[in-house]
Each structure stands twice: as structure tokens, then as C-alpha cells.
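A.B. asks: First the structure, then my questions, so here it is.
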Amino acid sequence: MNKTAIALDFKSATLHTLRAVLHTADTVSLIAALNQRMQEAGSFYEHESVVLDATGLTESPNWAALVAAMRAARLHPIGIQADPALQDDAWHTAALAPLELSAQRVAASAAAAAQAAPAEHGKAGSTGKSARAQPADNPLSGETRIVRQPLRSGQRIYARGCDLIVLGMVSQGAEVIADGHIHVYGPLRGKAMAGARGNEQAMILTTHFEPELLAIAGVYRVFETQASDPLYKRGARIELEGETLRIRALTS
Amino acid sequence: MSRIVVVTSGKGGVGKTTTSASFSAGLALRGHKTVVIDFDVGLRNLDLIMGCERRVVYDFVNVIQGDATLNQALIRDKQLDNLYILPASQTRDKDALTREGVEKVLEDLAAMDFEYIVCDSPAGIETGAIMAAYFADDALVVTNPEVSSVRDSDRILGILSAKSRRAERGEQPVQEHLLLTRYNPKRVSEGEMLSLRDIEDILRIRLIGVIPESESVLQASNQGIPAIHLKDSDVAQAYADVVARYLGEEKPLRFVDYEKPGLFKRLFGSK
Numbered sequence: 014m015n016k017t018a019i020a021l022d023f024k025s026a027t028l029h030t031l032r033a034v035l036h037t038a039d040t041v042s043l044i045a046a047l048n049q050r051m052q053e054a055g056s057f058y059e060h061e062s063v064v065l066d067a068t069g070l071t072e073s074p075n076w077a078a079l080v081a082a083m084r085a086a087r088l089h090p091i092g093i094q095a096d097p098a099l100q101d102d103a104w105h106t107a108a109l110a111p112l113e114l115s116a117q118r119v120a121a122s123a124a125a126a127a128q129a130a131p132a133e134h135g136k137a138g139s140t141g142k143s144a145r146a147q148p149a150d151n152p153l154s155g156e157t158r159i160v161r162q163p164l165r166s167g168q169r170i171y172a173r174g175c176d177l178i179v180l181g182m183v184s185q186g187a188e189v190i191a192d193g194h195i196h197v198y199g200p201l202r203g204k205a206m207a208g209a210r211g212n213e214q215a216m217i218l219t220t221h222f223e224p225e226l227l228a229i230a231g232v233y234r235v236f237e238t239q240a241s242d243p244l245y246k247r248g249a250r251i252e253l254e255g256e257t258l259r260i261r262a263l264t265s
Numbered sequence: 129m130s131r132i133v134v135v136t137s138g139k140g141g142v143g144k145t146t147t148s149a150s151f152s153a154g155l156a157l158r159g160h161k162t163v164v165i166d167f168d169v170g171l172r173n174l175d176l177i178m179g180c181e182r183r184v185v186y187d188f189v190n191v192i193q194g195d196a197t198l199n200q201a202l203i204r205d206k207q208l209d210n211l212y213i214l215p216a217s218q219t220r221d222k223d224a225l226t227r228e229g230v231e232k233v234l235e236d237l238a239a240m241d242f243e244y245i246v247c248d249s250p251a252g253i254e255t256g257a258i259m260a261a262y263f264a265d266d267a268l269v270v271t272n273p274e275v276s277s278v279r280d281s282d283r284i285l286g287i288l289s290a291k292s293r294r295a296e297r298g299e300q301p302v303q304e305h306l307l308l309t310r311y312n313p314k315r316v317s318e319g320e321m322l323s324l325r326d327i328e329d330i331l332r333i334r335l336i337g338v339i340p341e342s343e344s345v346l347q348a349s350n351q352g353i354p355a356i357h358l359k360d361s362d363v364a365q366a367y368a369d370v371v372a373r374y375l376g377e378e379k380p381l382r383f384v385d386y387e388k389p390g391l392f393k394r395l396f397g398s399k
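Listed in order, the protein sequences are those of chains C and H. Residue numbering for the first sequence follows the numbering used here, starting at 14 and increasing by one per position. Residue numbering for the second sequence follows the numbering used here, starting at 129 and increasing by one per position.
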């Protein structure tokens, strides 16, 4: 058997990735907006793979400059979806694969209405819309991540593409992040950020409510004086209603 | 098979070296062959607290780099035959402590039939502290009843659970014990200091003991003997209780309650 023939195999894979939707062909504005978004998000989107969605454009920006700016911001552009008329050698030079995203077709189908992320609301920490390459009525395809030890100051857990359950406490100074829901069965004293990629249906639930900061789909709130809150150290569930975080008792 | 115990805290100045000295002396007093190692390269203190600073010829880094054997570097304690000290280097920098080097020294000590190897960690969460904790089986997390010490202890607990060899190998995690030091029950009752219940609630690890704030600690370090040898002092008794609990005995907590002195004592008595 020829050894080199079995040294490498091509198989299939599904990628969940970030999608940068381009609304203008003006390269300068694009780069300025990119840098602003990345700065707002802190290190959150660093090292993420990104596909460029240029389907709304009728003319090309400076692809090389745009891709270079993204790499400088520590993003990894891997491909581009655009009108075939915009097909350009620059794509090949910039190592962008021409793509067709399945998310586009899924979003167009019936059950997508609840999942469409409104582009108008200014949310802290979102860079464009995230690609929903999964079935529209279930934005999370991963298995729930379960953490069985307490999370201590300085530790951070990110449950990517799924829900997170912590069986134990989340100390002040610790961070729990999930694309889906967050459950903390223990004191929640640190930061909890659910719906990290824009899922506004995500909830945060805890048996002992004492957080530093909570966020759902980028809408956040800091908790300074808590002892007066009726739910302090009690069971609570937090959901996003419009632009506010609503905190209710866990059991009524 | 020797047991490696790290004495760590995150925060500096809370009583790690004081504890390492008395804890290892306490184990030796109970008949166990014990060695205590100073991991604070460049700022060594253990030799002073143990009273052997004038007998340091070779140190931990010398052994790792092959300039001396372990036998040449180990210093036998004056008071206790089965207690040995491995001092830190005062002149080298922390990079001299390599993981392989430290591992070899610990293996060689185990081969010399030491039952307990106590590692006195430096403050902080950088390489020195991580190296001291990496090989540990048990951890004494020394904490003062004060907010920044509690937070730093929480931080170091997170590091222990993630960066120890046991964690990396997926073995039974490092056994964590909370040791409260410089506890002042009067100030706790007045609401100035965190109580031990508060700290247990925040950190959620088992309490192995409470060492009261005491002038004896300074006296002991000035004399160059571990505080546990000042037999009548509260600190010595508290450390003896800690050693007993570590070895599996049940001991009620002492020196944690404040009794308001009666009227006469307040009028005519001392502090």
C-alpha cells in the first residue's frame, strides 16, 4: 500500500463561526467600525474565525486592506460570501475561500423570526451578527457543559455553543460565559454572561443571587449594593426583556 | 511514601513561613521524619525563622544544579533530630528552579524516608508559588481575616485546582485546608474583622485551624525558634492543634471566642 496515500484524509466538518456583515464598500468606514467593535468587545472576539458577508454590496471595498485590518485585530478571516460579480483575484491573494453559508437559507425559512438579531440595537460587545448555521429554532447544538468544582477568582469558563451548569459556587472575580443558558447551583458571586453570541432567549438561573455583573446577549448590569435587594442570596432567574434585564424569584 | 504539603496563600505577609516552621516542627515533635523546603528564591526567610541562618552552606538551587548533594545542603534542626531544613538560594533568580530539578529533589527526599515534605511557598501567583504547589498532595491555605487576604486565597485555590500535577494528571485533587492566622476574636466581635464563619462561607474549604494574633510570634522569630516551641503560648497550642487535626485527630477550636471581661476587670484589669 502506498504510504503517502494514507497519510492524509479529507473528511467533513461543520463550523460555527462569526460572520462580519459588510454594509458599505467604503474601506475606511469598514476598518473604523471593525476597530471600534473589537475595542468594545475587549478580548472576547480575539482569535475567532470570521467569514465576510458581502451579499449586501454591489461594489468591492479594498479586500486586501480589510483582511489585513482584521488580522491586525486578531481575527482570522477564512472566507467570503458575495455576489459572483464581485469575484476578485484579491480574494485568493488574501486567502479567502468563496463560500455559501447555510445560515442564509435557514434564516429565510419560517421559524427564524424569533432568532433574527436586530442590527439596530447598540449592544456592548457584539461584532456584527453571529452566523446561525444550526437549525433556526435551536441556536445551540452543543451538549450542555457541566462544571463540578467551585470557580474561583480569576477563573473563566466559556461554554461555546451550549448551556452551562455550575454545581458549586462562582466566586467574586470569576467569570462564567455561555452561548446558551447559565445555571449556577450555588452562590453566584462573580460575573455571568449568557447568550454570548446574541441569543436573547438565554437565561441566567441561580440558587444564591449575589452577582457582580450579569449580561444577556450583550445587555449588562453591574450590581453594587445588593444587601437591600429582596432576592439577595435567594434563588433568582434573570431574563432579557427588551433592553432590560428582569430579575425574578426562581420559584414563585 | 512521603506526603508533600504546600503552605501557600497568595497574599504576602500572612504567616506562611511562620506556619511552615511550626507545622513541620509539630510533625517532627510527633515522631515523623520531616523536611521543610524554602521555595522563596532570592528572598529567603525560612532559615531565619528556624534559627539556622549561620549554618547555610549549600541551598536548594545548588542541589538542583548539581553543585552539591542533598546531604550536603540539608540542615538538621537544633531542637529536633528528625527535622531538616533545605534553605533557598539568596542570590539566584527564580528561573533556577526547574520543574525537573524540583521533581528530582522531591523524589530523592522521599527515597531518604522523609514522611512529610513541607514546601514554604513565596507570596504571589507567579512561577515561584506555582512551583511550590505543583507537586503537592495537601495545601495549607494561610489566610488573615481581612478582605484582600481572603480574595487572594480564593485566587490561589483556583490555581491549585487547575495548575497542580494532580490536576494535570486527572488524579485526586490537592486536599485543601484553610488555616486562619492572626485571628483576633475581640475585633471580630466588634465587627472590624471577618469572622471565621464569614471566611468559611466565602472560601468554602475545610478549616484546619485558627492561630490567634499574638506577640509570641515575634518573640519566636527573634529567638530563631519556631513558635510551636514556646510551649505556654496560645500560638504554640494552636499550631499543635493544627498538626493534630492534620494527622486525623478531632480537636475543638480554641482561641476563637471573645469573652467580654466583667466590670471589675474592665475597670481595674489590663487590656
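Glycine included, each C-beta is placed from N, C-alpha and C at the ideal position.
Cutting at 6 Å between CB atoms, please list the residues of its own chain near PHE23 (chain C), excluding the five before and the five after it.
C.D. replies: Within the same chain, PHE23 (chain C) has no close Cβ partners at all.
A.B. asks: Closest Cβ-Cβ distance between ARG279 (chain H) and chain C: below 8 Å?
C.D. replies: So, interface residue.
A.B. asks: Could you list which residues in chain C have their beta carbon closer than 7 Å to that of ASP266 (chain H), in chain order?
C.D. replies: Simply none; closest approach about 17 Å.
A.B. asks: Measuring only between beta-carbons, confirm whether ASP282 (chain H) sits less than 8 Å from chain C.
C.D. replies: Taking Cβ atoms only, chain C reaches closer than 8 Å to ASP282 (chain H), which makes this a yes.
A.B. asks: Over what stretch of residues does the alpha helix (DSSP H) that includes GLY337 (chain H) continue unbroken?
C.D. replies: No alpha helix (DSSP H) contains GLY337 (chain H), which is instead part of the beta strand (DSSP E) from 335-340.
A.B. asks: Counting only the same chain and skipping the five closest in sequence on each side, list residues whose C-beta sits under 8 Å from that of GLY170 (chain H).
C.D. replies: These residues qualify, in order along the chain: ALA216, SER217, GLN218, THR219, ARG220, ASP221, LYS222.
A.B. asks: Tell me which residues of the region 162-193 of chain C have at least one Cβ-Cβ distance to chain H shorter than 9 Å, keeping chain order.
C.D. replies: From the region 162-193 of chain C, only GLN162, PRO163, LEU164, ARG165, SER166, GLY167, GLN168, GLY181, MET182, SER184, GLN185, GLY186, ALA187 have a Cβ closer than 9 Å to chain H.
A.B. asks: Taking 8 Å as the CB-CB cut-off, is GLY140 (chain H) touching chain C?
C.D. replies: No, GLY140 (chain H) lies away from the interface with chain C (no Cβ there is under 8 Å from its Cβ).
A.B. asks: Is the Cβ-Cβ distance between ILE165 (chain H) and ILE284 (chain H) less than 8 Å?
C.D. replies: Cβ atoms of ILE165 (chain H) and ILE284 (chain H): not closer than 8 Å.
A.B. asks: Taking 8 Å as the CB-CB cut-off, is LEU436 (chain H) touching chain C?
C.D. replies: Lying before the first or after the last residue shown, residue 436 (chain H) is absent from chain H, which here runs from 129 to 399.
A.B. asks: When the cut-off is 8 Å and only beta carbons count, does ARG332 (chain H) lie next to chain C?
C.D. replies: By this cut-off, ARG332 (chain H) is an interface position.
A.B. asks: May I have the straight-line CA-CA distance separating GLU377 (chain H) from ARG294 (chain H), to the nearest angstrom?
C.D. replies: C-alpha separation (whole angstroms): 26 Å.
A.B. asks: Less than 8 Å between the C-beta atoms of VAL191 (chain H) and VAL134 (chain H), yes or no?
C.D. replies: Not a contact, by the Cβ cut-off of 8 Å.
A.B. asks: Run through DSSP, which three-state label would ILE19 (chain C) get?
C.D. replies: Residue state, collapsed to three classes: helix.
A.B. asks: Pick out whichever of H:PHE396, H:TYR367, H:LEU331 has its Cα sitting closest to the Cα of GLY181 (chain C).
C.D. replies: Of the candidates H:PHE396, H:TYR367, H:LEU331, the one whose C-alpha sits nearest the C-alpha of GLY181 (chain C) is H:LEU331.
A.B. asks: Name the DSSP bridge partner or partners of ASP66 (chain C)?
C.D. replies: Note: ASP66 (chain C) sits in a beta bridge opposite C:VAL34, C:GLN94.
A.B. asks: Go ahead and pull the three-state DSSP assignment for LEU99 (chain C).
C.D. replies: Residue state, collapsed to three classes: helix.
A.B. asks: Within a Cβ cutoff of 6 Å, which residues of the same chain sit near VAL197 (chain C), ignoring the five residues on either side of it in sequence?
C.D. replies: Correct list, in chain order: VAL179, VAL183, THR219.
A.B. asks: HIS105 (chain C) by DSSP, collapsed to three states: which one?
C.D. replies: DSSP places HIS105 (chain C) in helix when its eight states are reduced to three.
A.B. asks: Are at least three pairs of beta-carbons, each pair with one atom in the region 192-199 of chain H and one in the region 140-152 of chain H, less than 8 Å apart?
C.D. replies: Segments in contact, no.
A.B. asks: Whose C-beta lies closer than 6 Å to the C-beta of TYR245 (chain C) among residues of the same chain, with five residues either side of it excluded?
C.D. replies: The residues are GLN239.
A.B. asks: Mind reading off the beta-carbon distance from VAL278 (chain H) to LEU322 (chain H)? Whole number of angstroms is fine, and I expect it under 8 Å.
C.D. replies: Confirmed, about 7 Å.
A.B. asks: If we ignore side chains and look at the alpha-carbon of each, how far apart do TYR171 (chain C) and VAL189 (chain C) end up?
C.D. replies: Between TYR171 (chain C) and VAL189 (chain C), the C-alpha separation is close to 6 Å.
A.B. asks: Locate the alpha helix (DSSP H) running through PRO273 (chain H), then write down its first and last residues.
C.D. replies: Careful: PRO273 (chain H) lies outside any alpha helix (DSSP H) and carries neither H nor E.
A.B. asks: Using 8 Å as the threshold, is the C-beta distance between LEU202 (chain H) and LEU214 (chain H) below it?
C.D. replies: Yes, these two residues count as a Cβ contact at 8 Å.
A.B. asks: I need the boundaries of the alpha helix (DSSP H) containing TYR386 (chain H), first residue and last residue.
C.D. replies: Element bounds for TYR386 (chain H): n/a, residue is neither H nor E.
A.B. asks: Just the C-alpha distance for GLU343 (chain H) and LEU358 (chain H), rounded to the nearest angstrom, thanks.
C.D. replies: Between GLU343 (chain H) and LEU358 (chain H), the C-alpha separation is close to 11 Å.
A.B. asks: Going by Cα to Cα distance, which pick from C:HIS29, C:ALA85, C:ALA54, C:LEU65 is closest to HIS36 (chain C)?
C.D. replies: Ranking C:HIS29, C:ALA85, C:ALA54, C:LEU65 by Cα distance to HIS36 (chain C) puts C:LEU65 first.
A.B. asks: Among the candidates H:VAL338, H:SER289, H:VAL302, whose CA atom is the shortest distance from the CA of PRO313 (chain H)?
C.D. replies: Per the Cα distances, H:VAL338.
A.B. asks: Check whether the region 41-61 of chain C and the region 103-111 of chain C are in contact - that is, three or more C-beta pairs closer than 8 Å.
C.D. replies: Too few Cβ pairs lie closer than 8 Å, so no.
A.B. asks: Give me the Cα-Cα distance between ARG297 (chain H) and ALA149 (chain H), rounded to the nearest whole angstrom.
C.D. replies: Cα-Cα distance, rounded: 30 Å.
A.B. asks: Please confirm whether GLU243 (chain H) and ALA267 (chain H) have their CB atoms less than 8 Å apart.
C.D. replies: No, Cβ-Cβ distance for GLU243 (chain H) and ALA267 (chain H) is not below 8 Å.
A.B. asks: For the candidate residues C:ILE260, C:ASP96, C:LEU226, C:VAL63, whose alpha-carbon lies nearest to that of VAL80 (chain C)?
C.D. replies: Here the closest residue by C-alpha is C:VAL63.
A.B. asks: Since MET206 (chain C) is in the beta strand (DSSP E), which residue starts that stretch and which ends it?
C.D. replies: Taken as a continuous stretch (DSSP letters only), the beta strand (DSSP E) holding MET206 (chain C) covers 204-207.
A.B. asks: What does the Cβ neighbour count give for TYR262 (chain H), buried or exposed, with the cut at 16 atoms within 10 Å?
C.D. replies: TYR262 (chain H) should be labelled buried.
A.B. asks: With a threshold of 8 Å between beta carbons, is SER289 (chain H) in contact with chain C?
C.D. replies: Answer yes: the Cβ-Cβ gap between SER289 (chain H) and chain C drops below 8 Å somewhere.
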